[in-house]
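Working notes, beginning with the structure itself.
There are 2 protein chains.
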Amino acid sequence: MSLAIRLEPAGGEPLHIRIADSLRGQFEHGALGPGDPLPTSRDLARDLGVSRSTVVRAYEQLTREGWIEGRVGRGTRVSDRPTSAKGRPNWDLLLTERVRGQSPEYADVLRMLSEPDLLSFAGGLPSPEFYPEESFQQITSDVLRHQGTKLLQWCPVDGYPPLRSWIAERVGCEPDSVLISSGSTQALHLISQAFVEPGDTVVVEAPTYSGALRAFRTAGARIVSIPCGPEGIDVDRLEATLGRVRAKLLYVVPTYHNPTGSLLSTEKRRRLLAVCAQHGLPVVEDDAYATLRYDGPHVPTLRSLDDHELVLYVSTFSKAIFPGLRVGWLAAPPELVRRLSALRNVIDLFTNSIAQGSLYEFCKRGLLEAHIQRVRPLYAERRDAMAAALRRYCPSLQFEVPHGGLFIWAQLPAGIDSRRLLEEAVELGIGFMVGSLFFAEEGGRDRIRLCFACHSPEMIAAGIRKLGLALKQVRPDAEEWRNAGADDLIV
Amino acid sequence: MSLAIRLEPAGGEPLHIRIADSLRGQFEHGALGPGDPLPTSRDLARDLGVSRSTVVRAYEQLTREGWIEGRVGRGTRVSDRPTSAKGRPNWDLLLTERVRGQSPEYADVLRMLSEPDLLSFAGGLPSPEFYPEESFQQITSDVLRHQGTKLLQWCPVDGYPPLRSWIAERVGCEPDSVLISSGSTQALHLISQAFVEPGDTVVVEAPTYSGALRAFRTAGARIVSIPCGPEGIDVDRLEATLGRVRAKLLYVVPTYHNPTGSLLSTEKRRRLLAVCAQHGLPVVEDDAYATLRYDGPHVPTLRSLDDHELVLYVSTFSKAIFPGLRVGWLAAPPELVRRLSALRNVIDLFTNSIAQGSLYEFCKRGLLEAHIQRVRPLYAERRDAMAAALRRYCPSLQFEVPHGGLFIWAQLPAGIDSRRLLEEAVELGIGFMVGSLFFAEEGGRDRIRLCFACHSPEMIAAGIRKLGLALKQVRPDAEEWRNAGADDLIV
Numbered sequence: 252m253s254l255a256i257r258l259e260p261a262g263g264e265p266l267h268i269r270i271a272d273s274l275r276g277q278f279e280h281g282a283l284g285p286g287d288p289l290p291t292s293r294d295l296a297r298d299l300g301v302s303r304s305t306v307v308r309a310y311e312q313l314t315r316e317g318w319i320e321g322r323v324g325r326g327t328r329v330s331d332r333p334t335s336a337k338g339r340p341n342w343d344l345l346l347t348e349r350v351r352g353q354s355p356e357y358a359d360v361l362r363m364l365s366e367p368d369l370l371s372f373a374g375g376l377p378s379p380e381f382y383p384e385e386s387f388q389q390i391t392s393d394v395l396r397h398q399g400t401k402l403l404q405w406c407p408v409d410g411y412p413p414l415r416s417w418i419a420e421r422v423g424c425e426p427d428s429v430l431i432s433s434g435s436t437q438a439l440h441l442i443s444q445a446f447v448e449p450g451d452t453v454v455v456e457a458p459t460y461s462g463a464l465r466a467f468r469t470a471g472a473r474i475v476s477i478p479c480g481p482e483g484i485d486v487d488r489l490e491a492t493l494g495r496v497r498a499k500l501l502y503v504v505p506t507y508h509n510p511t512g513s514l515l516s517t518e519k520r521r522r523l524l525a526v527c528a529q530h531g532l533p534v535v536e537d538d539a540y541a542t543l544r545y546d547g548p549h550v551p552t553l554r555s556l557d558d559h560e561l562v563l564y565v566s567t568f569s570k571a572i573f574p575g576l577r578v579g580w581l582a583a584p585p586e587l588v589r590r591l592s593a594l595r596n597v598i599d600l601f602t603n604s605i606a607q608g609s610l611y612e613f614c615k616r617g618l619l620e621a622h623i624q625r626v627r628p629l630y631a632e633r634r635d636a637m638a639a640a641l642r643r644y645c646p647s648l649q650f651e652v653p654h655g656g657l658f659i660w661a662q663l664p665a666g667i668d669s670r671r672l673l674e675e676a677v678e679l680g681i682g683f684m685v686g687s688l689f690f691a692e693e694g695g696r697d698r699i700r701l702c703f704a705c706h707s708p709e710m711i712a713a714g715i716r717k718l719g720l721a722l723k724q725v726r727p728d729a730e731e732w733r734n735a736g737a738d739d740l741i742v
Numbered sequence: 252m253s254l255a256i257r258l259e260p261a262g263g264e265p266l267h268i269r270i271a272d273s274l275r276g277q278f279e280h281g282a283l284g285p286g287d288p289l290p291t292s293r294d295l296a297r298d299l300g301v302s303r304s305t306v307v308r309a310y311e312q313l314t315r316e317g318w319i320e321g322r323v324g325r326g327t328r329v330s331d332r333p334t335s336a337k338g339r340p341n342w343d344l345l346l347t348e349r350v351r352g353q354s355p356e357y358a359d360v361l362r363m364l365s366e367p368d369l370l371s372f373a374g375g376l377p378s379p380e381f382y383p384e385e386s387f388q389q390i391t392s393d394v395l396r397h398q399g400t401k402l403l404q405w406c407p408v409d410g411y412p413p414l415r416s417w418i419a420e421r422v423g424c425e426p427d428s429v430l431i432s433s434g435s436t437q438a439l440h441l442i443s444q445a446f447v448e449p450g451d452t453v454v455v456e457a458p459t460y461s462g463a464l465r466a467f468r469t470a471g472a473r474i475v476s477i478p479c480g481p482e483g484i485d486v487d488r489l490e491a492t493l494g495r496v497r498a499k500l501l502y503v504v505p506t507y508h509n510p511t512g513s514l515l516s517t518e519k520r521r522r523l524l525a526v527c528a529q530h531g532l533p534v535v536e537d538d539a540y541a542t543l544r545y546d547g548p549h550v551p552t553l554r555s556l557d558d559h560e561l562v563l564y565v566s567t568f569s570k571a572i573f574p575g576l577r578v579g580w581l582a583a584p585p586e587l588v589r590r591l592s593a594l595r596n597v598i599d600l601f602t603n604s605i606a607q608g609s610l611y612e613f614c615k616r617g618l619l620e621a622h623i624q625r626v627r628p629l630y631a632e633r634r635d636a637m638a639a640a641l642r643r644y645c646p647s648l649q650f651e652v653p654h655g656g657l658f659i660w661a662q663l664p665a666g667i668d669s670r671r672l673l674e675e676a677v678e679l680g681i682g683f684m685v686g687s688l689f690f691a692e693e694g695g696r697d698r699i700r701l702c703f704a705c706h707s708p709e710m711i712a713a714g715i716r717k718l719g720l721a722l723k724q725v726r727p728d729a730e731e732w733r734n735a736g737a738d739d740l741i742v
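Protein sequence lines correspond, in order, to chains A and B. Everything in the first sequence is counted per the numbering used here, starting at 252 for the first residue and increasing by one. Everything in the second sequence is counted per the numbering used here, starting at 252 for the first residue and increasing by one.
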């Protein structure tokens with residue numbers, strides 16, 4: 252190959268820039284086209300009489316601009332895809348691994364669920380029709396009237412002090428053990444940023460909350476999964492696994508688990524804590540759903556059973572009242588809260604202080620408790636309506652009826668892929684979450700998560716009837732992935 | 252040294268746990284005390300007849316629990332500090348480098364400034380006495396009344412659509428180029444998470460916004476500084492530096508710079524963009540202060556002068572109205588906004604939707620513009636009052652009067668350390684920001700930043716008079732760090 256590199260007379264430009272300019276000119280004028288090979292950096296350096304690192308820098312510059320690409324075994328070539336104009340950054344090449352590595356599956360499913368007028372059982376959300384808007388509006392007005400100047404200005408990073416104290420009392424700790432966050436999602440982001448270096452191991456339940464999986468993965472975690480069934484996480488498997496892997500964190504949703512709805516017994520909670528204490532392993536307890544209890548036993552939080560300061564406790568107002576305000580919290584030893592606050596300061600300073608002030612008033616006046624008492628039987632009624640409709644219209648599905656929370660987790664008949672079922676369901680006007688989103692590894696293709704909170708019993712019946720129709724329309728898959736089950740999930 | 256390791260009979264416990272248990276027992280019973288040496292893992296493995304990696308794991312477990320510590324050249328020893336009880340995690344050892352590596356200086360200064368009743372010139376904040384609380388309260392009530400159900404439930408990750416459109420029109424782009432964030436701080440966090448891998452170079456002005464320094468450092472960036480004086484960033488130095496370093500991002504505050512107040516001329520903006528285009532280098536333009544213009548020329552944003560899609564534009568409502576709502580935004584090419592939204596989804600889902608809805612109504616009704624028109628002359632008056640008071644009470648300080656923004660950046664007399672001056676000032680009841688916080692490397696000890704927006708001209712005069720007293724009380728430092736100036740800041 253002949254390559255005519257003409258280096259313009261030196262005008263203060265570094266040599267590698269001049270080499271890049273010359274090559275770019277040849278791409279722009281078509282002397283070299285997509286797929287054409289470039290000489291190795293060694294050869295070109297020798298031909299031009301410059302150091303090899305100078306050529307490497309010129310190639311790197313052109314790679315960033317999208318003009319050329321290198322592939323193992325193929326050498327460096329002119330890029331196939333339309334290159335950007337000179338000087339325009341090639342954003343894709345500039346992005347970090349944590350962004351480029353994001354799985355498209357979650358976004359794909361959200362796109363499928365974004366159909367207008369879908370009767371959706373997908374979101375993990377409370378029901379807006381029960382929202383105490385009028386009282387909340389009154390309280391917000393009061394708060395703006397009496398404390399607007401203060402609250403619109405600034406707020407401590409760790410939270411509005413009266414709300415912090417209220418949460419501390421409820422959790423059973425001191426206020427300086429509480430950090431108020433923008434939803435529990437942010438608490439999980441903070442924890443993963445604070446504890447997970449790329450390659451560190453985080454142990455989770457399988458299935459588990461998909462947002463937690465994304466948070467830990469974004470921090471570069473290696474995920475190790477422990478099966479979680481109708482009785483919660485398998486503590487024996489946890490114990491065996493912790494003997495083999497060196498973990499940085501364990502993440503669990505012990506109460507009305509997302510997505511399975513399971514409730515871990517007090518005895519198993521004690522065993523889980525003993526196993527983790529043996530390894531000095533911190534436990535992230537995600538307690539988003541505890542207030543939504545419909546029947547069954549009261550079970551104490553892991554935090555309240557913890558004698559070893561193992562538990563980082565995370566919760567939120569998003570399930571008990573409404574998610575739009577983005578207020579959650581974590582409870583941890585005070586020295587750790589100080590560290591996490593300093594990190595939080597870098598992330599977004601503090602949580603909207605009007606929201607914090609209004610929520611505090613709402614809680615202080617007893618309205619949170621009243622709201623929870625009011626919605627519990629209504630949600631229980633919807634849970635029962637969904638269970639009845641599933642038995643009637645979808646007899647081939649298997650599921651347990653949860654004692655609390657927002658979800659029914661159902662197993663599909665052999666060979667039915669939940670993603671294909673969702674396609675049919677969306678055609679018929681209903682939506683749900685596909686099971687695979689809740690697994691770090693392969694798994695869950697035969698499961699779906701249905702939120703029963705957001706629609707009336709009548710709408711639930713109508714929607715589940717359509718789910719039954721969709722089930723009839725999906726032909727079982729020949730491929731036998733069904734039995735690639737729990738055993739494959741364990742590292 | 253004799254060490255009696257008794258391995259309990261195997262009861263399902265992995266070997267390394269049993270070794271750790273045995274050693275822990277000896278620490279707990281005082282057989283081994285603080286500072287006592289432990290055998291090397293090689294020796295202990297030989298003595299016990301186990302593999303070396305088993306002993307390494309036992310030692311790692313005890314290190315995590317805080318019982319033992321290893322130091323280069325000293326071997327492994329029983330930890331000096333009070334160890335935690337068995338099973339209790341040693342949080343400090345578990346934290347990531349990004350948290351452990353946080354400089355304590357910023358927190359120290361904030362602590363000094365947290366004195367009650369301080370007349371503070373420290374914060375970069377607008378003045379609460381001008382807040383349009385009544386109209387905002389009315390709007391928030393309306394929004395909750397008419398859209399509460401919708402907004403309290405959920406909001407797209409990229410922002411409340413009407414507000415996104417309003418911002419897009421103002422910025423001069425399409426709505427899908429806008430991502431609404433929880434303050435511009437979060438936009439900077441997103442950008443640093445999206446572009447900075449540990450070790451990547453980010454080029455900044457020196458001095459620059461300390462929150463940006465913290466965001467980039469937390470992502471592991473190597474910071475390269477370019478001097479920024481009364482006329483803004485030194486574009487010649489930028490050009491020379493970019494010829495030598497391979498940078499991932501350039502971060503600048505070209506309009507009413509924080510902390511210097513400088514305004515980069517249109518001509519220099521064009522040159523800056525040309526230099527960056529030559530390297531395909533993305534430019535983060537932080538435009539938080541642009542609306543606060545008091546006199547001097549209108550200068551177009553870098554974004555509006557950019558022909559190469561180089562600019563990631565960041566701004567906020569926090570300086571133009573109030574920071575308590577935590578609403579800011581970034582503008583970027585749509586495909587990049589989609590990527591950043593997916594990352595945002597992991598960080599905290601979305602920004603408080605009531606705040607977004609209320610701000611939209613506030614802007615749509617023209618109240619933002621009216622507010623800005625109202626406060627400009629008031630802030631200009633305060634700027635002039637501060638300049639006059641500085642000339643009168645602190646004639647040894649040097650400073651320029653800025654055309655906009657919130658700050659006066661002043662140079663102290665030779666040998667006066669701003670940190671020591673702050674100690675004296677706090678004693679006298681006033682506060683300011685020390686200059687060193689705005690530099691990535693050494694520098695700024697002879698500078699202070701004074702915010703003139705938050706107090707009346709009379710209070711400003713009284714406060715600056717006290718600053719003059721504090722200056723008289725601080726004796727110049729013998730150490731000559733003053734001339735360790737701009738040249739040392741350049742990599």
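Glycine included, C-beta positions come from ideal geometry on N, C-alpha and C.
**Study point:** Closer than 7 Å to chain B by CB, A:S433
**Key:** yes
Point to revise | Nearest candidate by alpha-carbon position, reference A:W417, set A:Y310, A:G608, A:F446, A:Q529 | key: A:G608
Review point. Within the 7 Å Cβ cut-off, does B:G399 reach chain A?
Key: Chain A, which has a Cβ nearer than 7 Å to the Cβ of B:G399, makes this yes.
Review point. Quick one: Cα of B:G617 to Cα of B:D393, how far?
Key: 16 Å
Review point. Smallest Cα separation from A:R643: which of A:G326, A:A470, A:L718, A:A358?
Key: A:L718
Review point. Can you tell me whether B:H706 is buried or exposed, with buried defined as 16 or more other CB within 10 angstroms of its CB?
Key: buried
Review point. Any chance the stretch 671 to 688 of chain B sits against the stretch 530 to 538 of chain B, with 3 or more Cβ pairs inside 8 Å?
Key: no
Review point. Terminal residues of the continuous alpha helix (DSSP H) containing A:Q594?
Key: Reading off the sequence shown, one finds Leu at residue 594 of chain A, where the question assumed Gln. 585 to 598 is the extent of the alpha helix (DSSP H) around A:L594.
Exercise for review: State the DSSP-derived secondary structure class of A:L524, mapped to helix, strand or coil.
Suggested key: helix
Check your understanding: Is the CB-CB distance between B:V503 and B:E456 below 7 Å?
Key -> yes
Check your understanding: Which first and last residues belong to the beta strand (DSSP E) in which A:W405 is found?
Key -> A:W405 -> no beta strand (DSSP E), and no H or E assigned at all.
Review point. Quick one, which of A:T391, A:R269, A:D409 has its alpha-carbon nearest A:D427's?
Key: A:D409
Review point. So, helix, strand or coil for A:V533, using DSSP?
Key: Note that residue 533 of chain A is Pro in the sequence shown here, rather than Val. In the structure shown, A:P533 sits in coil (DSSP, three-state: anything other than H, G, I, E or B).
Point to revise | Coil, strand or helix - B:L641 by DSSP | key: Helix, per DSSP.
**Study point:** Entirely enclosed alpha helix (DSSP H) segments - the stretch 465 to 502 of chain B, minimum 4 residues
**Key:** 486 to 495
Review point. Looking at C-beta atoms only, is the number of pairs between the stretch 488 to 502 of chain A and the stretch 629 to 643 of chain B that lie closer than 8 Å three or more?
Key: With contact defined as three or more Cβ pairs closer than 8 Å, the stretch 488 to 502 of chain A and the stretch 629 to 643 of chain B are not in contact.
Review point. For B:F446 and chain A, any beta-carbon pair shorter than 7 Å?
Key: yes
Review point. Does any residue of chain A bring its CB to less than 7 Å from the CB of B:W580?
Key: no
Check your understanding: Taking buried to mean at least 16 other C-beta atoms within 10 Å of its own C-beta, is A:L722 buried or exposed?
Key -> buried
Practice item. Please check if any C-beta of chain B sits within less than 7 Å of the C-beta of A:I256. Key: no
Point to revise | Nearest candidate by alpha-carbon position, reference A:A316, set A:D298, A:R595, A:L344, A:L299 | key: The sequence given here has Glu at residue 316 of chain A, not Ala. Closest option to A:E316, Cα to Cα, is A:L344.
Practice item. Could you name the residues of the same chain whose beta carbon sits closer than 6 Å to that of B:A438, not counting the 5 residues immediately before and after it, in chain order? Key: S432, V565, G579, L581
Check your understanding: Does DSSP put A:L774 in a helix, a strand or coil?
Key -> Residue 774 of chain A lies beyond the residue range present for chain A, which begins at 252 and ends at 742; the question has no answer from this structure.
Check your understanding: B:E490: buried (16+ other C-beta within 10 angstroms of its C-beta) or exposed?
Key -> buried
Practice item. Just confirm the distance between the C-beta atoms of B:F690 and B:S476, as a whole number of angstroms; I'd bet it's less than 8 Å. Key: 7 Å
Point to revise | Cβ neighbour criterion (16 or more within 10 Å) applied to A:Q444 | key: buried
**Study point:** Interface flag, A:G656 vs chain B, CB-CB below 7 Å
**Key:** No - not a single Cβ of chain B is within 7 Å of the one on A:G656.
Exercise for review: List the endpoints of the continuous alpha helix (DSSP H) containing B:W342.
Suggested key: 342 to 345
Practice item. Go through the stretch 629 to 686 of chain A residue by residue and report every complete run of the beta strand (DSSP E) that reaches 3 residues or more, in order. Key: Correct list: 658 to 662.
Practice item. Check whether the stretch 372 to 380 of chain B touches the stretch 589 to 608 of chain A, taking contact to mean three or more Cβ pairs, one atom from each stretch, closer than 8 Å. Key: no
Point to revise | Where the beta strand (DSSP E) through B:L581 begins and ends | key: 579 to 582
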